[in-house]
Structures are given as C-alpha cells and as structure tokens.
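Below: one structure, written as structure tokens.
In this note's numbering, the protein residues as written are 126 to 358.
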C-alpha cells in the first residue's frame, strides 16, 4: 500500500484494531472518517480517487456487480479493512443477502430504497411470505447505516447513487443471496478464493476504471458542507 495513503488522512488510524463486533463503535468511528472525507468539497476523497490508478494493489480490487461499479480507494496495511465507493445506476436492484463482514455506509449523492429482512429469509425452507421485507426506508444524500455480517438487506437505486462503504475484517467464508421469487440460495465468496462467477464481481479494465473514477468524482457533492451523520439501521 502506498505510504501517502496513510499520511494523507489521519482518521484512518486504528481501524484494524476497532471492535468491529460492536456496531455502536463502528458507527462512531465511521462517522468520524466519513465526515473527514467529505470536508472541503470532498477534497480528501477526491485525492484518494485521483491516486487510485497509481496505488499498488488497488486497481485490481475494482469490480462490477451487474450495473453497480465499486472502487477500493483505501485499504489497511494488513488488508483487513477497506474503504470503497459504490456507483449504482437507476433501477439497479439486488436480491436479499448478508455479508462476510460488518460495514458502515453513507450515501454521498442520489438515493435508493433499502429493505431489511429477517435472518430466516435465507433458510432453504422459508415460505414466500417469509421472504418479504420487514422494513423499508429510502436512503438519501447524507443518510447511512451500520450492519453486522448476519443482517440481511437489499436495495433498489432510484437514480444514479454514489455511496461510501467502510468494510471491516472478513469473518465468514461466504455470503448468502436468496432469489426472492423462488427461494433459491447462492453462496458468494471473495475474489481471493473464488472465481469471478462465484464472487459476483467482474474486474474493471483500465479504461473502464479511469472512466469510473471520473464518474464518481463528478457525482461527489461539491457544496462544501460536511454532510449529515448516518443513522444505524
């Protein structure tokens, strides 16, 4: 990892030693980091984006899931913690799923419909009624949430939407996705120990990577306000 990434933003310090199982701590720590990144018209975040292509190890972590593109703009020295930007196109919709890690998210621009489900939605014998959402809210610019690895959710993008995601250490080998209509379940692993088909990711080619950096930079809020703090779901 490039040294400049450590020196440029002190709010990154100590993220690997954070108690990621304590979601209140994750919320407080991620709020501090996100607030720092969006200061001065998001200049700290713009610098990370501008340096991405020349930062060893980061371009290879870029990816695409359907019409959503993601970039890793920072990772901790042991690669246990990553900061990602996600760009969703209008109409993007994923299926109910959990994660391999705890994470915090803040919406930088745009909006999406966020649905929460009971953990039992992932059970092979769950009924169709058991696969319906338990909560629905619209996440808009400045809002956010923190989720543990066993929480289940899905989202539908209302318009072009850019989000920050601080991802904690991996605690599960795979995540589970369920097809809501049929109940069919899929296991997704990380790119390090699975093929693109298994991980759900398609790596961005260099030209597409640069185009995505430009699109994300243009989608960043430029008003100079620090942004509101995210609310834990």
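We put the CB at the ideal spot given by N, CA and C, even for glycine.
Within a 10 Å sphere around the beta-carbon of residue 221 sit 16 or more other beta-carbons, which makes this residue buried. Taking the Cα positions, residue 340 is about 42 Å away from residue 250. Under the three-state reduction of DSSP output, residue 195 falls in the strand class. The three-state reading of DSSP puts residue 340 in helix, counting H, G and I together. DSSP places residue 312 inside the beta strand (DSSP E), whose first and last residues are 310–314. A buried status is given to residue 269, since no fewer than 16 other beta-carbon atoms sit within 10 Å of its beta-carbon. Its Cα nearest to that of residue 245, the residue 302 stands out among 302, 335 and 195.
By the criterion of a C-beta distance shorter than 7 Å, residue 294 is surrounded in its chain by 145, 205, 206 and 226, once the five residues flanking it on both sides are discounted.
Between residue 283 and the set 248, 292 and 262, the nearest pair of CA atoms involves 262. For residue 228, the three-state secondary structure derived from DSSP is strand. Taking all protein chains shown into account, residue 240 has 16 or more neighbouring C-beta atoms within 10 Å of its C-beta and is therefore buried. Our two residues, residue 169 and residue 155, have alpha carbons roughly 15 Å apart in a direct line. Our two residues, residue 187 and residue 307, have alpha carbons roughly 31 Å apart in a direct line. Nearest to residue 265 by C-alpha distance, out of 177, 234 and 193, is 234.
Rounded to the nearest whole angstrom, the CA to CA distance from residue 292 to residue 202 is 14 Å.
Residue 199 is a Cβ neighbour of residue 173, given a cutoff of 8 Å. In the structure shown, the three-state DSSP call for residue 264 is strand.
For residue 155, the uninterrupted alpha helix (DSSP H) segment begins and ends at 148–162.
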